[in-house]
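Here is the structure we will look at.
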Amino acid sequence: MTHAPFGSLGSHSADGYEASTVRPYAVTGGRVRSSMSDLPLEALVEVMPGAVSSFGLTPEKRAILQHAAHTYVSIAELSALLKLPLGVVRILVADMQEEGHITVHTSAPVNVHTGHGSNHSGLSLSVLESVLNGISTL
Numbered sequence: 005m006t007h008a009p010f011g012s013l014g015s016h017s018a019d020g021y022e023a024s025t026v027r028p029y030a031v032t033g034g035r036v037r038s039s040m041s042d043l044p045l046e047a048l049v050e051v052m053p054g055a056v057s058s059f060g061l062t063p064e065k066r067a068i069l070q071h072a073a074h075t076y077v078s079i080a081e082l083s084a085l086l087k088l089p090l091g092v093v094r095i096l097v098a099d100m101q102e103e104g105h106i107t108v109h110t111s112a113p114v115n116v117h118t119g120h121g122s123n124h125s126g127l128s129l130s131v132l133e134s135v136l137n138g139i140s141t142l
C-alpha cells in the first residue's frame with residue numbers, strides 16, 4: 005500500500021474514489037465560527053432559484069448546491085454526504101445563506117411561559133390552549 009505524500013492533491017483508493025487531502029480549516033478559510041454557524045443539525049437547506057448556475061464557488065459549496073437542488077437536505081445529512089466535519093458544513097451553509105445561494109429553515113422552540121418563539125412569531129399560549137381544548141373534544 006502506498007501513501008500520497010503530504011500536500012499532494014489526492015490519492016486514488018481501490019474503488020477509484022479520490023480522497024481529498026485538503027484540511028477542514030482550509031475549506032473554511034481558517035474560521036471556526038461564522039455569524040450564523042450555530043445552526044442546528046436538523047436545519048433544512050433549500051437552494052434558491054438560479055443558485056446552481058452560480059460561478060466562483062468552491063467545490064464544497066457546489067456539492068452542497070447539487071445535493072440540495074431537488075429536495076431539502078439537513079445540515080447533518082450534508083456533513084455525511086460531503087464527508088466533512090459538522091462544524092465545517094455549518095460554516096459553509098452560513099456563508100452560502102449570507103451570499104443568497106440558499107435558505108435555511110430552522111424550527112423555533114416555543115417558550116412555555118410566554119407562548120412566543122425566539123423570533124416573536126405571534127404564537128400565544130391561548131392559541132395553544134385552544135388547540136388542546138379542540139383536540140380534547142374530539
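Going by our numbering, the sequence shown opens with residue 5, and the numbers climb by one from there.
By construction, the Cβ of each residue, glycine as well, lies at the ideal position given by its N, Cα and C atoms.
Exposed or buried, what is GLN70 when buried is set at 16 or more other beta-carbons lying within 10 Å of its beta-carbon? Exposed, by the Cβ-count rule.
Strictly by DSSP, which residues pair up with GLU50? For GLU50, the beta-bridge partners assigned by DSSP are THR107.
Three-pair Cβ contact test at 8 Å for the stretch 84-91 versus the stretch 49-61: The stretch 84-91 vs the stretch 49-61: no contact.
Nearest by alpha-carbon distance to ALA30: which of SER58, ASP42, PRO63 is it? Of SER58, ASP42, PRO63, the residue nearest in Cα terms is PRO63.
Below 7 Å CB to CB, which residues in the same chain sit around SER58 once its five sequence neighbours on both sides are set aside? Result list for SER58: HIS105, in chain order.
Taking the alpha carbon of GLY54 as the point to measure from, which residue in ALA72, VAL135, LEU96 has its own alpha carbon closest? The candidate whose alpha carbon is nearest that of GLY54 is ALA72.
For PRO89, which residues in the same chain have their Cβ closer than 8 Å to its Cβ, ignoring the five residues on either side in sequence? Excluding the 5 residues flanking it on each side, PRO89 has same chain C-beta neighbours closer than 8 Å at PRO28, SER83, in chain order.
SER78 bridges to which residues according to DSSP? According to DSSP, which records beta bridges pairwise, SER78 is partnered with LEU48.
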